[in-house]
Amino acid sequence: EVIVNAGKRSRSNPDSEPPHSNIKRPKRAEVNFLPNLPQGEDPSSLEHLRQTIVEEVKKTEMNLPLLKKMMQTTFALRRQTIVRKCPPVNELMDLWPALKMVSE
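This note's numbering numbers the first residue of the sequence shown as 2 and each following residue consecutively.
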């Protein structure tokens, strides 16, 4: 659920904003799409995987299947970074160097 469009009033939280029922939820191909984190993962474990990706890309002989799997696992973290922080492209490429590869 995108924080920008979120809003829900409940018994436990009666002072929050009313639900935004007329706003569409973002779908996969839309700009504000934020997928859920993979099951069993949290932001710190995904950040650790991101650092592992950076180290793997620095190697001369990269393990491409492992790299591809790690990139798929960290997709949610990558989308959160892009949607919430809007970093410049060069900073994004520094954070995720595997995006420079043709296969990604």
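Cβ coordinates follow ideal geometry from the N, Cα and C atoms, glycine included.
- The three-state secondary structure of Asp95, taken from DSSP, is helix.
- Under the three-state reduction of DSSP, Phe34 is assigned to coil, being neither helix nor strand.
- Taking a contact as a CB-CB distance under 8 angstroms, the pair Leu35 and Gln81 counts as one, their CB atoms being some 6 angstroms apart.
- In the same chain as Met63, and ignoring 5 residues on each side of it, the C-beta atoms closer than 8 angstroms to its own belong to Glu57, in chain order.
- Contact annotation: the segment 39-49 does not touch the segment 87-96, with fewer than three C-beta pairs closer than 8 angstroms.
- Between Leu38 and Ala99, the C-beta spacing is not below 8 angstroms.
- The beta carbon of Ile54 is closer than 8 angstroms to those of Leu68, Met71, Met72, Thr75, Trp97, Pro98, Ala99 in its chain, skipping five residues each way along the sequence.
- Nearest Cα to His49 within the set Glu92, Arg79, Asn91: Arg79.
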